[in-house]
Amino acid sequence: MTDASSDHGEDDLPSEGAFEGHQEAVNAVQIYDGLLYTCSGDRTVRAFNLRSRKCVGVFEGHSSKVSCLLVSAAPSLHHRLYSGSSDQTICCYNLKTRELEQQFPLSDRVLCLHSRWKTLYAGLANGTVVTFNLKTNKQMDVFECHGPRGVSCMASSQEGARRILLVGSYDNTISVRDAKSGLLLRTLEGHTKTVLCMKVVNDLVFSGSSDQCVYAHNIHTGELVRVYKGHSHAVTVVSVLGKVMVTACLDKLVRVYDLQSHEQLQVYGGHKDMVMCMTIHKNMIYTGCYDGSVQAVKLNLMQNYRCGWHGCSLVFGLMEHLQQHLISDHSSSSSQSLKCRWKKCDEFFCTRNSSKQVLQLHMQKHAEEETEVEP
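Here the sequence shown is numbered in full-length UniProt numbering, starting from 1 and rising by one per residue.
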């Protein structure tokens, strides 16, 4: 979404760092008009200023975890925030006053939201998709899609004049449907576990799954055209920026892939827990984690910090992330001593508490050497 209204030059640039406030898992994030909206298992939706990273508003009203959120602010529509929850309702708030305007009771837990063509689509745990008219704020239809398995994510596209809704499910498939009638046109298969996220780019839909893969299907033919591997846990978000794909994963890493070559270019770490959601805005990566933490880091494809540990092939976008990786993944040995396996280094360390600091400084030094090699 554009937010030209809030572009007043350098002062308004987003800042790197943490957004504090949520007590439980952060399940979804969206940026609109200089604010970061987040929803959580702590039953709230929060709004944070991108520059100060301070919480400027809390939306309350749900009695159970908030799974998804959506800011609806198309030119001809009221500016509203919709949130879906395990309490089987969607809350609708006035975006400016943050007041709860309406609460829609539904037949099951709300797992995902999507909007297009002045319509709000809500995916439920019982496999149905419920539609709402965003002009009148009234419920319209219920599409039976994947019952009894839940609807996990949605996206949209067009085939000529026909409006297409893509519905991802816990049954491992993506159904391609007529967005007006819900009629099933075709099914995209290949994933062996739940489809967790989708991103449409032209004729392709990129989908991430609990099977640790990202697939790209041709929406119109149903053909599987690309497979991206390298994740070590479920893929929770897929984002495409020009020639690269950025993914978030439950293994606590954000990865950057070359779309054409399928090569993994970079990773971003710095998360203490599983990455549940992500959005990218003005070259910043915003991530929400299972422990309630939310952070922003700069995406920089020009800088690479390669891990030189024997047998490790990770390339980090930030030196601090390489340092953290060396300490947490390569030097947390349970034995009495540890041999440094960075390139040709063969120093030995005692792993007792007293020498932990020496070890950490040693690792930091290696990470800093790396800066000079790949500027």
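C-beta: ideal position from N, C-alpha, C; glycine also.
Using a 10 Å radius around the Cβ and a threshold of 16 neighbouring Cβ atoms, would you call D12 buried or exposed? On the sequence shown, residue 12 is found 12 positions in, with the first residue counted as 1. A residue is called buried when at least 16 other Cβ atoms come within 10 angstroms of its Cβ; D12 does not meet this threshold and is exposed.
Contact set for R341: own chain, Cβ-Cβ below 6 Å, skip 5 residues either direction: Taking the first residue of the sequence shown as position 1, residue 341 is located at position 341. For R341, the CB contacts under 6 Å within the same chain, skipping 5 residues up- and downstream, are W309, H310 in chain order.
Quick test of the definition: if touching needs 3 or more C-beta pairs under 8 Å, does the stretch 96–104 touch the stretch 52–67? yes
Where does G317 land, buried or exposed, given buried means 16+ other C-beta within 10 angstroms? Start at 1 with the first residue of the sequence shown, and residue 317 comes out as number 317. By the 10 Å Cβ count, G317 comes out buried.
Classify E320 as helix, strand or coil using the three-state DSSP reduction. Position 320 of the sequence shown holds residue 320. Three-state DSSP puts E320 in a helix.
Nearest-angstrom Cα separation, counted from H114 out to H79: For the purposes of this step, residue 79 is taken as the residue at position 79 of the sequence shown. For the purposes of this step, residue 114 is taken as the residue at position 114 of the sequence shown. If you take the alpha carbons of H79 and H114, they lie about 15 Å apart.
Tell me the rounded alpha-carbon separation between T198 and Q336. Here the question's residue 198 lines up with position 198 in the sequence shown. Here the question's residue 336 lines up with position 336 in the sequence shown. According to the sequence displayed, residue 198 carries Met and not Thr. Cα to Cα, M198 sits roughly 46 Å from Q336.
Could you give the distance in angstroms between the alpha-carbon of L120 and the alpha-carbon of V56? Residue 120 sits at position 120 when you count from the first residue of the sequence shown. Residue 56 sits at position 56 when you count from the first residue of the sequence shown. Approximately 26 Å, taken between the alpha carbons.
Once the 5 residues before and after R51 are set aside, which same chain residues still bring their CB inside 8 Å of it? Counted from its first residue, the sequence shown places residue 51 at position 51. Once the five neighbours on either side are set aside, the close Cβ partners of R51 are D11, D12, L13, P14, S15, G34.
N27, buried or exposed, once every other Cβ within 10 Å from all chains shown has been counted against 16: Taking the first residue of the sequence shown as 1, we reach residue 27 at position 27. N27 should be labelled buried.
Quick check on DSSP: helix, strand or coil for K367? Your numbering for residue 367 matches position 367 in the sequence shown. Going by the sequence as given, residue 367 is Ala instead of Lys. Helix.
Quick one: is S207 near chain D, going by C-beta distance under 7 Å? Looking for chain D here will not work: only one protein chain is present.
Thinking just about the alpha-carbon of each residue, which of R177, V214, K193, F104 is nearest to the one in R186? The residue labelled residue 186 in the question sits at position 186 within the sequence shown. Taking only the C-alpha atoms, the option nearest R186 is R177.
For a test of the three-state rule: what should DSSP assign to L359, helix, strand or coil? In the sequence shown, counting from the first residue as 1, residue 359 sits at position 359. In the structure shown, L359 sits in a helix (DSSP, three-state: H, G or I).
I think M297 touches I285, with their Cβ atoms under 8 Å apart; what is that distance to the nearest whole Å? To locate residue 297, count along the sequence shown from 1; it is residue 297. To locate residue 285, count along the sequence shown from 1; it is residue 285. Contrary to the premise, residue 297 reads as Val rather than Met in this sequence. Contact flag correct, Cβ pair sits at about 5 Å.
Under three-state DSSP, which class holds H325? The count along the sequence shown starts at 1 and reaches residue 325 at position 325. The answer is helix: DSSP assigns H325 an H, G or I state.
Cβ distance (whole Å) where S85 is taken to contact V66 below 8 Å: Position 85 of the sequence shown, counting from 1, holds the residue named residue 85. Position 66 of the sequence shown, counting from 1, holds the residue named residue 66. So it is a contact: roughly 5 Å between Cβ atoms.
If we count the other Cβ atoms within 10 Å of its Cβ and call it buried at 16 or more, is G270 buried or exposed? Within the sequence shown, numbered from 1, the residue matching residue 270 stands at position 270. Burial call: buried.
Going by DSSP, which residues form a beta bridge with V267? Taking the first residue of the sequence shown as 1, we reach residue 267 at position 267. Looking at the DSSP assignment, V267 forms a beta bridge with R255, F316.
Beta-carbon gap between G127 and C112 smaller than 7 Å: In the sequence shown, the residue the question calls residue 127 occupies position 127. In the sequence shown, the residue the question calls residue 112 occupies position 112. No.
Comparing alpha-carbon positions, which option in H191, L196, Q324 lies nearest L253? The residue you call residue 253 lines up with position 253 of the sequence shown. Of the candidates H191, L196, Q324, the one whose C-alpha sits nearest the C-alpha of L253 is Q324.
Skipping 5 residues on each side, what residues in its chain have a beta carbon closer than 6 Å to that of L314? Taking the first residue of the sequence shown as 1, we reach residue 314 at position 314. Contacts found: V267, C307.
Got a sec, what are the start and stop residues for the beta strand (DSSP E) S76 sits in? Working through the sequence shown from its first residue, we reach residue 76 at position 76. Note, S76: premise wrong, no beta strand (DSSP E); not H, not E.
Using the Cα positions of G168 and C345, report the straight-line distance between them to the nearest angstrom. Translated into the one-based positions of the sequence shown, residue 168 becomes position 168. Translated into the one-based positions of the sequence shown, residue 345 becomes position 345. Their Cα atoms are separated by approximately 48 Å.
Using a Cβ-Cβ cutoff of less than 6 Å, which residues in the same chain neighbour L265 once the five nearest sequence positions on both sides are dropped? Here residue 265 refers to the residue found at position 265 when the sequence shown is read from its first residue. Same-chain partners within the cutoff: V256, D258.
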